[in-house]
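Only one structure is covered here, and it is reproduced in the block below.
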Amino acid sequence: MTVWMVVIAAGLASYALRAGLVASGVELPASVQRRLQHEAPAVIAALVATSLTRPSHGPGLAAQLAAVAAAFASARCFRSVALAPLTGLLVLVAVGALISVVDR
Amino acid sequence: MTTTTIQCPVERRHGPLAEGMAAMLPVLAGIAPFGLAIGVAAADSSVGRVAGWATSWTIYAGSAQLATIELLDAGAAPLIVLATVVAVNARLLLYGAAIAPHWREAPRWWRLLASYLLVDPSYAVAADRYQCPASPEEKRRFYLGAALTLWGGWQVATALGVVLSANAPGASSLEMVVPLTMAGLLAGAIRSTGGRVAATVAAVTAVAVQALPLGTGVIVAAVAGMLAGAATEGRDR
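Going line by line, the protein sequences match chains A and B.
Take the first sequence: its letters are residues 12 to 115, numbered as in this note's numbering.
Take the second sequence: its letters are residues 97 to 333, numbered as in this note's numbering.
Structure (structure tokens):
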């Protein structure tokens, strides 16, 4: 199987996941729908936490945690997702530099 | 007690399509560096520039795209790549289930098209606005405006990453942009006590089950968080 076939097959699988319940018109029970209200924060939080557990070549975990907290807080305060990575990167650089100075 | 912080438009100056585009632009600005990083990763891999970029319009989900490029680059078996994509993207099934009731009256062709555009930011933006009163037609136009803006921007960002990869900083320096952008998305997604509990439980569970294979830890953590959030709101009610 070529690279292209895998890329296309992966795309078809992704589309099937997206369209499965939308196109079929199958409606989930109210109790399930209520649980799904919390799906977005749960998945996003899981992805953030998972990404922090991966080995990184950049600053240490403390700086990364501070950066994520700053990104979260700035998006919460200013209601702007665009600010989140900028604020987070600034904090990442600042805390990373601070830690390296202290370590020295 | 459940508290919500939803802000609905007081007066409508533009149509729902333009409102959707405007709502997505700040999100796109935050996501674009991620697309750039994926383009750089694709160009630096053995997958090939065009095939790597093609994941943007075939798979169209950043984390699954990265997983595909990394696994193909590492020489993984096709079935492993496909299983990983399904595991990482399983949340899209839940997004579809959550948003389907809002599109029930739409023609089948529209639902098939809209499904293709369904991904974390388009779902988050639509789910946020769908809590405000609007007709089914307005809801559909808002979604299309937001989702098409995201799709177009994403294609451009990943293509730029591929083209500029020779001069761009290494993908590793951009890797923190992904969790930082998602942290911003998380801030907007948490609107209640149940949401806070769901996010906290999911994050803790994700760390605890990180060793699970094929990215299934994310799914396990998400389900745990979702159930905890629902239990919290059920108790408060």
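Think of the CB as a built atom: it goes at the ideal place given N, C-alpha and C, for glycine as much as any other residue.
Pairwise C-alpha distance: residue j and residue i
| i | j | result |
| --- | --- | --- |
| Cys88/A | Thr13/A | 48 Å |
| Ala283/B | Ala193/B | 23 Å |
| Ala242/B | Leu167/B | 31 Å |
| Ala302/B | Ala95/A | 22 Å |
| Ser7/A | Thr98/A | Only positions 12 to 115 of chain A appear in this structure, which leaves residue 7/A out of reach. |
| Ala157/B | Gln251/B | 11 Å |
| Ile165/B | Arg109/B | 43 Å |
| Leu260/B | Ala253/B | 10 Å |
| Pro129/B | Val273/B | 7 Å |
| Asp216/B | Val319/B | 16 Å |
| Leu244/B | Met117/B | 8 Å |
| Asp184/B | Ala74/A | The question names Asp, yet the displayed sequence has Val at residue 184/B. Using only the alpha carbons, I get a separation of about 27 Å. |
| Gly280/B | Glu115/B | 20 Å |
| Gly325/B | Arg204/B | 33 Å |
| Ser91/A | Thr154/B | 29 Å |
| Gly111/B | Ala125/B | 22 Å |
| Leu28/A | Leu109/A | 45 Å |
| Trp149/B | Val143/B | 10 Å |
| Arg236/B | Leu209/B | 11 Å |
| Thr98/B | Ser62/A | Confidence is the limiting factor: at Thr98/B the pLDDT is only 36, short of 50, which leaves the residue's position unreliable, though a coordinate-based value still follows. Roughly 30 Å separates the two Cα atoms. |
Delimiting residues of the alpha helix (DSSP H) encompassing residue i
| i | result |
| --- | --- |
| Ile127/B | 112–140 |
| Gln251/B | 232–259 |
| Ile155/B | Careful: Ile155/B lies outside any alpha helix (DSSP H) and carries neither H nor E. |
| Leu308/B | Careful: Leu308/B lies outside any alpha helix (DSSP H) and carries neither H nor E. |
| Leu188/B | 187–195 |
| Gly171/B | From DSSP, Gly171/B is part of no alpha helix (DSSP H); its letter is neither H nor E. |
| Trp205/B | 204–212 |
| Thr64/A | 50–64 |
Near the ligand NAP: residue i beta-carbon under 7 Å from a heavy atom
| i | result |
| --- | --- |
| Asp224/B | The ligand NAP is absent from the structure shown, which contains no ligands of any kind. |
Among the options, the one whose alpha carbon lies nearest that of residue i
| i | options | result |
| --- | --- | --- |
| Gly107/A | Gln48/A, Ala78/A, Val33/A | Ala78/A |
| Ala160/B | Ile134/B, Tyr212/B, Asp140/B, Pro309/B | Ile134/B |
| Ala51/A | Thr296/B, Gly330/B, Gln306/B | Thr296/B |
| Leu32/A | Gly313/B, Thr180/B, His198/B, Thr151/B | His198/B |
| Ser35/A | Asp169/B, Leu189/B, Leu132/B | Leu189/B |
| His49/A | Glu201/B, Ala220/B, Val177/B, Ile127/B | Ala220/B |
| Ala93/A | Val300/B, Thr277/B, Leu308/B | Thr277/B |
| Ser141/B | Thr328/B, Ala119/B, Gly171/B, Gly131/B | Gly171/B |
Worksheet item: Which residues, taken in chain order from the region 77–88 of chain A, show a beta carbon closer than 7 Å to some beta carbon of chain B?
Response: Ala78, Val79, Ala82, Phe83, Ala86, Arg87
Worksheet item: Relative to chain B, which residues along the region 100–115 of chain A have a C-beta separation below 7 Å, given in chain order?
Response: Leu100, Leu103
Worksheet item: Using a Cβ cut-off of 8 Å, which residues of the region 171–193 of chain B contact any Cβ in chain A, in chain order?
Response: Pro174, Val177, Leu178, Val181, Val182, Asn185, Ala186, Arg187, Leu188, Leu189, Leu190, Tyr191, Gly192, Ala193
Worksheet item: At a Cβ cut of 7 Å, what residues of the region 124–149 of chain B count as close to chain A, listed as they run along the chain?
Response: Ala125, Gly126, Pro129, Val143, Gly144, Ala147
Item to complete: Scan the region 44–61 of chain A for residues whose Cβ lies nearer than 8 Å to a Cβ of chain B and list them as they occur along the chain.
Response: Gln44, Arg45, Arg46, Leu47, Gln48, His49, Glu50, Ala51, Pro52, Ala53, Val54, Ile55, Ala56, Ala57, Leu58, Val59, Ala60, Thr61
Worksheet item: Using Cβ-Cβ distances below 7 Å, what residues of the region 22–34 of chain A are close to chain B?
Response: Gly22, Ala24, Ser25, Tyr26, Leu28, Arg29, Ala30, Gly31, Leu32, Val33, Ala34
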